[in-house]
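First comes the structure, then the notes that go with it.
Numbering (the working numbering), first residue to last: 703 to 1242.
So, in structure tokens, the structure goes:
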């Protein structure tokens, strides 16, 4: 059983992900093919003992957030059959909410792994791009697509993610998972929490007061638990969200379906064909113009993310009735992407988590957003929210069960000041990140030090020493946070004449940091006048 951690657990697969011997249709019969082997992620789950029980309906070619764009009919919401399920991973969400599968796989380009989770009272994990291999998944936007996970609880989602993740040499977009994002870090968080929320003027519930009320109640409960909520500027996220369908990325959707559109356009639903066909209209000028704008927006968004532990937003502004979407399929679908479309363009991670119900009993939820490869951090915080709200699970409303013994705990960490080869972007920075280290601040030492370029290398390294009174200067530093459990192995790997001692910072505080023995200065060059190692390297 230890070798088969998912032994006997049933799961469902969105029908744009391959399962060996079973047709993949992407909700378009004319496109269907039968793969000889399963998608990379599916095979990992099967190898762990999970049982695939079926393929699930979706918005055709994963184009939509509604769950109604399928020749086999709309997926009905698990709570109210007159309402949309959300899409495009519609059937994947409904199957878990109704208890037909213990978990399921979806995909996410614009929000397809999050919106259906919100509307069906589920946890929806939108991993960092490349954390789960996309091999064996029919692309929508190849550069943005993610395979996602639907589950009832964060503990389940983390266990599934731990098995499904893994670098895949056959997927050009696959990326290795950093140590700090490994499953061992699930449930670990150094408090207190500081979450960024949208200012009132940037919120939009599209006239749905019940969802607006659920949002206000959710934030009040979270704030009462001791979490600090701070308003942040969501403008760059909103603008980027519009780029996904108004910009050149629609061309990626056209690439995946161009042969069928050109030869048999009638095989696609009218709304799907209208959206995807627009991908053939752009120019290279349009593409580069949009990329330049996106780069600027990503930089602005990064500053927002640096100021908080994570973002917290509604997953969707409102739900819609199936009839409403049928009467206005483009506009209402666009509204559903207001809080989701930007995420993969910005290379972010997200977890959708239920936080309430409307007065009529319809599910509502929030999404936690963080930088790439903060998946375990977000899942840990989402698990905290699940324990805080203690909502019943899925459609059958089974009682929430606390599975984790420590959903969030304060992990002991040590602040370490670095001045040379361990700085961000320098050759030895990996020694910090692989141990779960992360950057706390960029600062300077007090004006009491000298910096020397030591003899030898590579790697080339500086040594920082206390200067005689009145002869020192401030040196550029970065302060990193390292788990106490990893600190010993880090220090043990530091060669003489360097070591760890106490370093005074410009604000008068003192932290552990790199120092140099006087014996190491033989043949060294005084580079203090450059202000730091980076200044020296740029002038070398």
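By construction, the Cβ of each residue, glycine as well, lies at the ideal position given by its N, Cα and C atoms.
Bear in mind the structure is a predicted one, so any value in this text is a computation, not a measurement.
Residue i, buried or exposed, once every other Cβ within 10 Å from all chains shown has been counted against 16
i: residue 1107; result: Interpretation of residue 1107 is limited by its pLDDT of 46, a score under 50 that renders its predicted location unreliable; the figure taken from the coordinates is listed afterwards. Exposed, by the Cβ-count rule.
i: residue 967; result: exposed
i: residue 1032; result: exposed
i: residue 1225; result: exposed
i: residue 1109; result: For residue 1109, the pLDDT reaches just 43, beneath the cut-off of 50, and the residue's location in the model is therefore unreliable, although a value from the coordinates is still provided. When all chains shown are included, residue 1109 counts as buried.
i: residue 1088; result: buried
i: residue 1249; result: Examination of residue 1249 is not possible in this model, given that the chain is present from 703 through 1242 alone.
i: residue 793; result: buried
i: residue 1243; result: Residue 1243 lies beyond the range of the chain shown here (703 to 1242); nothing can be said about it.
i: residue 987; result: exposed
i: residue 816; result: buried
i: residue 757; result: buried
i: residue 1112; result: With a pLDDT of 46 at residue 1112, under the threshold of 50, the predicted position of this residue should be treated as unreliable, though the coordinate-derived value follows. Counting Cβ neighbours within 10 Å, residue 1112 comes out exposed, since fewer than 16 surround it.
i: residue 1005; result: exposed
i: residue 784; result: exposed
i: residue 1208; result: exposed
i: residue 889; result: buried
i: residue 746; result: buried
i: residue 1138; result: buried
i: residue 990; result: exposed
Beta carbon of residue i nearer than 8 Å to that of residue j
i: residue 814; j: residue 791; result: yes
i: residue 780; j: residue 803; result: no
i: residue 774; j: residue 729; result: yes
i: residue 1155; j: residue 1164; result: yes
i: residue 708; j: residue 766; result: no
i: residue 770; j: residue 1024; result: yes
i: residue 763; j: residue 974; result: yes
i: residue 874; j: residue 958; result: no
i: residue 1057; j: residue 1048; result: no
i: residue 760; j: residue 789; result: yes
i: residue 1200; j: residue 1218; result: yes
i: residue 1153; j: residue 1215; result: no
i: residue 1084; j: residue 1213; result: no
i: residue 1114; j: residue 1186; result: yes
i: residue 811; j: residue 840; result: no
i: residue 849; j: residue 863; result: no
i: residue 838; j: residue 737; result: yes
i: residue 1035; j: residue 768; result: yes
i: residue 742; j: residue 870; result: yes
i: residue 1134; j: residue 1184; result: yes
i: residue 872; j: residue 832; result: no
i: residue 942; j: residue 1044; result: yes
Beta-bridge pairing of residue i - partner residues as DSSP gives them
i: residue 1182; result: 1118, 1141
i: residue 899; result: 933
i: residue 805; result: 713
i: residue 1213; result: 1205
i: residue 1166; result: 1153
i: residue 785; result: 1023
i: residue 722; result: In DSSP, residue 722 forms no bridge with anything.
i: residue 1015; result: 1069
i: residue 1227; result: 1155
Which listed residue (the options) has its alpha carbon closest to that of residue i
i: residue 1122; options: 1175, 1067, 1180; result: 1180
i: residue 979; options: 1213, 1009, 947; result: 947
i: residue 933; options: 1148, 1027, 1141, 896; result: 896
i: residue 711; options: 834, 764, 858; result: 858
i: residue 867; options: 874, 1215, 1067, 879; result: 879
i: residue 795; options: 1198, 1169, 1054; result: 1054
i: residue 853; options: 806, 1129, 747; result: 806
i: residue 1071; options: 1057, 1051, 989; result: 1051
i: residue 1130; options: 1101, 898, 1195, 1168; result: 1195
i: residue 937; options: 962, 1003, 1068; result: 1003
i: residue 1007; options: 1086, 1028, 899, 1103; result: 899
i: residue 949; options: 919, 985, 831, 935; result: 985
i: residue 972; options: 744, 925, 772, 1227; result: 772
i: residue 1192; options: 1120, 721, 1149; result: 1120
i: residue 1246; options: 1030, 945, 856, 834; result: The chain is shown only over 703 to 1242; residue 1246 falls outside these bounds and no answer can be derived.
i: residue 834; options: 860, 905, 1166, 821; result: 860
i: residue 1167; options: 1182, 1148, 1158; result: 1148
i: residue 1082; options: 755, 855, 822, 778; result: 855
Cβ of residue i within 8 Å of any chain C Cβ
i: residue 878; result: As a matter of chain content, chain C is missing from the structure shown, which is built from one protein chain.
Query raised in the report: Would the region 871 to 887 and the region 1074 to 1085 be scored as touching if the rule is three or more Cβ pairs under 8 Å?
Result: Of all C-beta pairs linking the region 871 to 887 to the region 1074 to 1085, three or more are shorter than 8 Å, placing the two stretches in contact.
Query raised in the report: Does the count of Cβ pairs from the region 819 to 832 and the region 725 to 736 closer than 8 Å reach three?
Result: Under the Cβ criterion (8 Å, minimum of three pairs), the region 819 to 832 does not count as touching the region 725 to 736.
**Report entry** contact_flag[the region 1090 to 1102, the region 952 to 959] where n(CB pairs < 8 Å) is 3 or more
**Finding:** The region 1090 to 1102 is not in contact with the region 952 to 959.
Query raised in the report: Would you call the region 977 to 994 and the region 917 to 930 touching, i.e. three or more CB-CB distances under 8 Å?
Result: No: the two stretches stay apart, fewer than three of their Cβ pairs being nearer than 8 Å.
Query raised in the report: Can you find at least 3 beta carbon pairs, one from the region 1061 to 1070 and one from the region 913 to 927, that sit closer than 8 Å?
Result: Note that the region 1061 to 1070 touches the region 913 to 927; at least 3 beta-carbon pairs, one per stretch, sit closer than 8 Å.
Query raised in the report: Should the region 1005 to 1024 be called in touch with the region 1034 to 1051, which here means at least 3 C-beta pairs below 8 Å?
Result: Contact check between the region 1005 to 1024 and the region 1034 to 1051: three or more CB pairs, one atom from each, fall below 8 Å, which counts as touching.
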